[in-house]
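Chemist: Quick one: the structure is below, and I'll ask about it shortly.
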Amino acid sequence: MAEHRELLPDPLPAEPLAVVAAWLAEAWAARQQPNANSMVLATSTRDGNPSARVVLCKDIVPQPGFIVFYSNYLSTKGRQLKDNPRAAAVMHWDTLQRQVRLEGQIVQAPAADSDAYFAARAWQSRIGAWASEQSEPIASRAALLGAVTAVARRFGAPTPGSPGADDTMRATIPRPPHWGGYRLWVDAVELWVQGEARIHDRARWTRSVTAARGGSFRTGAWSVARLQP
1 MAEHRELLPD PLPAEPLAVV AAWLAEAWAA RQQPNANSMV LATSTRDGNP SARVVLCKDI
61 VPQPGFIVFY SNYLSTKGRQ LKDNPRAAAV MHWDTLQRQV RLEGQIVQAP AADSDAYFAA
121 RAWQSRIGAW ASEQSEPIAS RAALLGAVTA VARRFGAPTP GSPGADDTMR ATIPRPPHWG
181 GYRLWVDAVE LWVQGEARIH DRARWTRSVT AARGGSFRTG AWSVARLQP
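Taking the numbering used here, the leading residue of the sequence shown gets 1, the next gets one more, and so forth.
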């Protein structure tokens with residue numbers, strides 16, 4: 001394979017999230033990893049104890065400038081985001097030799113958005129969202145599977161994985177109130193591409209993001225600086 005020699009544009013683009021969206025589209029098109037939209041999401045408690053995990057970026061909205069992911073609101077990450085509504089995320093495409101770092105403020109997505117996305121999920125995943133008290137202890141794997149079976153019966157669906165439980169099942173399973181989307185309103189973006197001899201190319205964009213009514217934000221213009229590797 002030919003050596004990758006990409007560099008960031010010069011001059012640097014004014015809108016970094018448009019570049020992030022394009023990079024994600026290229027990662028999907030390359031078909032070199034099963035979840036090109038995977039990203040490490042870092043949160044912390046109110047007193048600053050950090051934790052990180054991989055989630056899936058489900059949307060990038062360059063204007064006005066947020067990314068979307070989904071989770072259980074009562075999970076460890078959900079509790080941390082309630083107490084300290086800021087997060088950082090990293091998307092890394094090793095074969096494309098690119099990395100994105102994102103930072104910003106977090107709000108829950110509108111309920112209508114969460115409803116629409118939940119309805120589009122596989123029915124097995126919808127049952128799982130009801131059955132799992134994410135991050136909480138459970139006595140055994142058997143107990144967890146028992147909870148899944150109980151939820152399936154509640155909604156008139158077969159148990160996921162049981163004979164006859166195929167992908168065409170159309171049970172009506174509404175979104176649980178403890179599950180939905182988040183918007184990370186981005187106030188800092190760093191783009192990185194791998195350089196020859198580890199002289200990588202980096203740039204960081206920052207802007208002001210100020211809370212407005214209805215869970216939205218007022219955003220300022222981006223400023224940008226190249227960074228040393």
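Virtual Cβ for every residue (Gly too), placed ideally from N, Cα, C. A quick note: this is a predicted structure, and the numbers were derived from the prediction, not measured.
#1: Along the beta strand (DSSP E) that carries arginine 202, what are the first and last residues, could you check?
#2: Terminal residues of the continuous alpha helix (DSSP H) containing alanine 121?
#3: Using the Cβ count rule (16 or more neighbours within 10 Å means buried), how would you classify glutamine 228?
#4: State yes or no: is the C-beta of arginine 55 within less than 8 Å of the C-beta of serine 71?
#5: May I ask you to list the residues that DSSP assigns as paired with glutamate 103?
#6: Take the Cβ of serine 114 as the centre, count every other Cβ of all protein chains shown within 10 Å, and call the residue buried at 16 or more, exposed below.
#7: I'd like to know whether the C-beta atoms of alanine 122 and glycine 181 end up nearer to each other than 8 Å.
#8: Considering just the uninterrupted stretch of the beta strand (DSSP E) at leucine 24, what are its terminal residues?
#9: To test your reading of the DSSP string, which unbroken alpha helix (DSSP H) runs of 4 or more residues are found completely within the segment 128-175?
#10: Is the segment 176-190 touching the segment 200-208, taking contact as three or more C-beta pairs under 8 Å?
#11: Could you check which residue in Ala221, Trp28, Ala21 has the C-alpha nearest to that of arginine 101?
#12: Going by beta carbon distance, what residues of the same chain come within less than 6 Å of glutamine 99, once the five residues before and after it are set aside?
#13: For glutamine 80, name the three-state secondary structure that DSSP assigns.
#14: Could you compute how far the alpha carbon of glycine 78 sits from the alpha carbon of leucine 96?
#15: Whose CA, out of Arg53, Asn84, Val224, lies closest to the CA of valine 40?
#16: Does the pairing of the segment 212-220 with the segment 127-138 give three or more beta-carbon distances under 8 Å?
#17: Hey, would you say leucine 81 sits closer than 8 Å to alanine 203, going by beta carbons?
Modeler: With the structure as the only source:
#1: 201-206
#2: For clarity, residue 121 is arginine in the given sequence; the question names alanine instead. Arginine 121 -> no alpha helix (DSSP H), and no H or E assigned at all.
#3: exposed
#4: Here the sequence assigns valine to residue 55, which means arginine is not the residue at that position. Yes, the pair counts as a contact, with Cβ atoms nearer than the cut-off.
#5: Ala88, Ala188
#6: buried
#7: no
#8: No beta strand (DSSP E) contains leucine 24, which is instead part of the alpha helix (DSSP H) from 16-30.
#9: 141-154
#10: yes
#11: Ala21
#12: His92, Trp192
#13: helix
#14: 31 Å
#15: Arg53
#16: no
#17: no
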